[in-house]
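Scroll down for the structure; my scribbles are underneath it.
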Amino acid sequence: MTARTVALASDHAGYELKAQIAASLTGAGYTVLDFGTNGPESVDYPDFAAAVAAAITDGRAERGVLVCGSGIGISIAANRHPGIRAALVHDVTTARLSREHNDANVIALGARIIGAEIAKDCVNTFLATEFEGGERHSRRIAKMG
């Protein structure tokens, strides 16, 4: 498993933002596993959440990024998979806290909610932040497992 490999997917509402995030990650030296979608045709976001979840649980990627219109549906879909802790984030503070306190391994972004620059800042923060650990955070994470 490598932190330099990121699983990435979106539904139709998020495909443009996903492409911008993929380009940013590639430019920063990350390997991107892009699970689609690649156009505006309507698709079902649970399928794309499942693809990212599988990449994380089988070890192809350590972290994942999901994008849909609001980020809500795709985060709910991702969290249905064992071992996935997906956090809906809107800014760098929620991205940072998702890692420090919740050991999130996936973030979800809403393409209709935040702009591309904020989204890229969220992704960068998410990938650069380590889990704080400690007894209180670890105890809570264990209860979700």
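Start counting the sequence shown at 0; every next residue gets the next number (numbering that gives the first Met the number 0).
Just so you know, even glycine gets a beta-carbon here, dropped at the ideal spot from N, CA and C.
query, result
"Using a Cβ-Cβ cut-off of 8 Å (strictly less than) and excluding sequence neighbours within five positions of K119, which residues of its own chain qualify?", "Q19, I20, S23"
"Enumerated in chain order, which unbroken segments of the alpha helix (DSSP H) with a length of 4 residues or greater are wholly contained in the segment 100-127?", "115-127"
"Going by CA-CA distance only, name the one from H11, S97, R139, Y14 that's closest to F130.", "S97"
"Residues bridged to T30 by DSSP?", "T4"
"Using DSSP with H/G/I as helix, E/B as strand and the rest coil, what is A53?", "helix"
"List the endpoints of the continuous alpha helix (DSSP H) containing R62.", "Not the alpha helix (DSSP H): R62 falls in the beta strand (DSSP E), residues 62-67."
"Would you be able to state if there are at least three C-beta pairs under 8 Å between the segment 121-136 and the segment 77-85?", "no"
"Could you say if the segment 6-20 and the segment 35-50 meet the contact criterion of at least three C-beta pairs nearer than 8 Å?", "yes"
"Identify the residues that DSSP records as bridge partners of A86: which are they?", "I106"
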